[in-house]
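Just so you know, the sequence shown maps onto residues -28 to -1, 1 to 256 in mature numbering (1 follows the signal peptide of the UniProt record, and there is no 0). C-beta: ideal position from N, C-alpha, C; glycine also. Quick notes on the structure that follows.
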Amino acid sequence: MITLKKTAYYLLIVLMTISTFFITPVHAQSTSALNEDEEKTELKVGTSSGDFGDLVREFLIPAMKEMGYRLDLTEINDIVIPNISVDEGALDFNIFQHKPYMDEYNANNSGNLYTLVQVPTAPYGIYAGKSKALTDIHSGATIAIPSNVTNYSRGLWILEALGWIKLRKDADRFALRKTDILENPYHLNIKEVDAAQIPRVRQDVDFAIINGNFAHEAGIPFTQALFIEPSKYFVNWVVINEKNRGTKWAKVLEETLNSTEFKTFTAERFPGYNLPLSWEEDPK
C-alpha cells in the first residue's frame, strides 16, 4: 500500500528532477469547499514527456485559456506518480495511460481514478533491435517487453499474432504471465523492462516492443515498426479523480478534446495515431 509519507517523497522528487512548464504562477486555493470545484479555473495536469506534453502545450493550454482556464503542465517520466498525484489531489488530471492500466492502479491501491475522455495515442508495436526483420527470428532470440501487467499482456498478444508463441485460451488476457505461454517454439528469451527504458536497450536485444509515446520521444518513426498492435482497445485517456467527474471544468475539458478544432489539430500534428473510438462513431 502506498502511504502518504511515500507520496510526499515521490512528489518532492518530481519537483526536484522533472521539467515543469508554467503558464501562470501557482496561486493559493480558496479554503471554501462549497464551490471550489465548480469555480476552479486553475488546473494542474501531468503527462508523460513527449507527444502528450506537446498536445497540452500546443493545443490544450491555448484552447482552455479561451474558455477561461489556466493550465500548469508537469511532464513526469514515471508511470506511478501521475496516478498517485491525481488520486490524492496534487494534480487535477493526467494524460499518459489506457484504461486497463488505470483499472490495475485502482485495484491495487483502492484508487478513485476515472476515465474522462480519450486522446489520440501513438501505436504500440515491435521494432528491430539486433535482428532487423521479422524473418530473422531464431531460436533463443531476446525480446524486450514492458514490465507492467497490461503492457506485458499486450506484448504477448503481439508475439502470438506473429506466430512466435501460443497462449493459453483460458488465461486472463489482460493479466498474462509467462506461465500462460503454452508453446514457445523459438525458445524466446522474453525480458521484462520498464516501458520508458526499452528504447535505450533496443540495440541490446533482438526485438523490442515499445509503447508509441516512448518511441515518439526517442525519435523512432512509427514507420520503423515491424508489426503494429491491431487492437484499438488501448487508446489512452484523460484521467481525473472520480469525485470531479461532475465539475464544470471536467465537462469543458471533455468538450474541448472532442471538438472539431482538436480533430483538425490531431490530423495535422499526429498523423498515424490511433484515434478515440468515439471519433470513429461520430467522425465530425
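Sequence-distant residues of its chain with Cβ nearer than 6 Å to residue i (five each side left out)
i: Q238; result: The sequence shown places Thr at residue 238, rather than the Gln named in the question. P92, listed in sequence order.
i: F(-8); result: In this prediction, F(-8) has a pLDDT of 40, which is less than 50 and means its spatial position is unreliable; nothing more can be read from the coordinates.
i: K204; result: N246
i: N213; result: V58, N84
i: R241; result: none
i: T236; result: none
i: H70; result: F206, N208
i: A187; result: none
Per DSSP, cross-strand counterpart(s) of residue i
i: T19; result: E47, I67
i: A35; result: Bridge partners of A35: none, in fact.
i: F179; result: A100, I115
i: I153; result: L139
i: L85; result: N213
i: N246; result: T93
i: R42; result: E14
i: E164; result: I117
i: I200; result: G97
Of the residues the options, the one placed nearest residue i, counting alpha carbons only
i: F146; options: N120, W136, E226; result: N120
i: L85; options: V58, G97, L148; result: V58
i: D152; options: I137, N123, R241, N80; result: I137
i: A190; options: D178, I170, A116, F199; result: I170
i: K104; options: L198, I162, R140; result: L198
i: T87; options: T107, G22, W251, V207; result: V207
i: R42; options: F68, G244, K12; result: K12
i: P193; options: I98, V28, E38; result: I98
i: P202; options: H70, W129, M36, F68; result: W129
i: M52; options: S250, I67, M39, G40; result: The amino acid occupying residue 52 in the given sequence is Val; Met does not appear at that position. For V52, the nearest C-alpha among the options comes from I67.
i: K150; options: V173, Y124, K141; result: Y124
Contact under 9 Å by Cβ, residue i with residue j
i: L131; j: L160; result: yes
i: G184; j: P72; result: no
i: residue 257; j: P54; result: Residue 257 cannot be examined here, being either before or after the span of the chain that is shown, -28 to 256.
i: L32; j: T228; result: yes
i: I200; j: I117; result: no
i: residue 261; j: F24; result: Look at the range of the chain in this structure, -28 to 256, and you will see that residue 261 is not part of it.
i: P248; j: V17; result: no
Sequence-distant residues of the same chain with beta carbon closer than 8 Å to residue i, five excluded per side
i: Q175; result: G101, K102
i: A35; result: T228, S231, E233, F234
Residues near residue i by beta carbon distance below 7 Å, same chain, minus five either side
i: T114; result: N161, K163, V177, D178
i: G127; result: I117, P118, I181
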